[in-house]
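Numbering (UniProt numbering), first residue to last: 1 to 144.
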């Protein structure tokens, strides 16, 4: 299984999702290819936000080696499933879809079309966002 996690800048939510899903899949012995990307290009080549690195580390997950990259239409060829963090990300990714097959690969990470809040402007959101993403990733691994 090849899974891509997508948020706006690829420094807060999607690197957390990549790290968490890799960790959980590895614990279950699943040989999955997990990556992350952002719809914007502001943080290409940059490590995750220090607060995302810190909250992941508190839970035994190291995301410090990840680097930001921008989502491209070629990602539809490389990945089986593309999980996005909110409706803006959903719309931005779907704009790059070339076919209905591409579109079918994209879905919101959380159930019931709920967004994962962007913690960028609020330090207190990083732990709750970690827990939301962790729960969603547990569900993905459980359904594998």
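All C-beta atoms in this analysis are idealised placements derived from N, C-alpha and C, irrespective of residue type, glycine included.
Could you give the distance in angstroms between the alpha-carbon of residue 120 and the alpha-carbon of residue 31? Sequence index remark: in the chain shown, residue 120 carries index 120 (1-based). Sequence index remark: in the chain shown, residue 31 carries index 31 (1-based). C-alpha of residue 120 to C-alpha of residue 31: approximately 31 angstroms in a straight line.
- Task: Pick helix, strand or coil for residue 118, following the three-state DSSP scheme.
- Result: Counted from its first residue, the chain shown places residue 118 at position 118. Coil, per DSSP.
First through last residue of the beta strand (DSSP E) which encompasses residue 137: Position 137 of the chain shown, counted from the start, is the residue given in the question as residue 137. Per DSSP, residue 137 belongs to no beta strand (DSSP E); it is in the alpha helix (DSSP H), 126 to 142.
Where residue 75 and residue 1 are concerned, what is the direct C-alpha to C-alpha distance, given to the nearest angstrom?
Locating residue 75 in the chain shown gives position 75, counting from the first residue. Locating residue 1 in the chain shown gives position 1, counting from the first residue. Taking the CA atoms as reference points, residue 75 sits about 14 angstroms from residue 1.
Are the beta-carbon atoms of residue 109 and residue 84 separated by less than 8 angstroms? Position 109 of the chain shown, counting from 1, holds the residue named residue 109. Position 84 of the chain shown, counting from 1, holds the residue named residue 84. Contact: yes.
Can you name, in chain order, every residue of its own chain whose Cβ lies under 8 angstroms from the Cβ of residue 133, other than the five neighbours on each side?
In the chain shown, residue 133 corresponds to position 133, counting from 1. Within the same chain, residue 133 has close Cβ partners 13, 16, 17, 20, 109, 116.
When the Cα atoms are used, what is the spatial distance from residue 66 to residue 142?
As a first step, residue 66 must be located in the chain shown, where it is residue number 66. As a first step, residue 142 must be located in the chain shown, where it is residue number 142. Those two C-alpha atoms are separated by around 25 angstroms.
Beta strand (DSSP E) containing residue 71: first to last residue? Mapped onto the chain shown, residue 71 falls at position 71. Here residue 71 belongs to no beta strand (DSSP E), and DSSP marks it neither H nor E.
- In the region 2 to 51, which residue ranges form an unbroken alpha helix (DSSP H) of at least 4 residues, counting only runs that do not cross its ends? With a minimum length of 4 residues, the continuous alpha helix (DSSP H) runs that stay inside the region 2 to 51 are 13 to 27.
For this session: Check residue 83 in the structure and name its three-state DSSP category.
Result: Here residue 83 refers to the residue found at position 83 of the chain shown. Strand, per DSSP.
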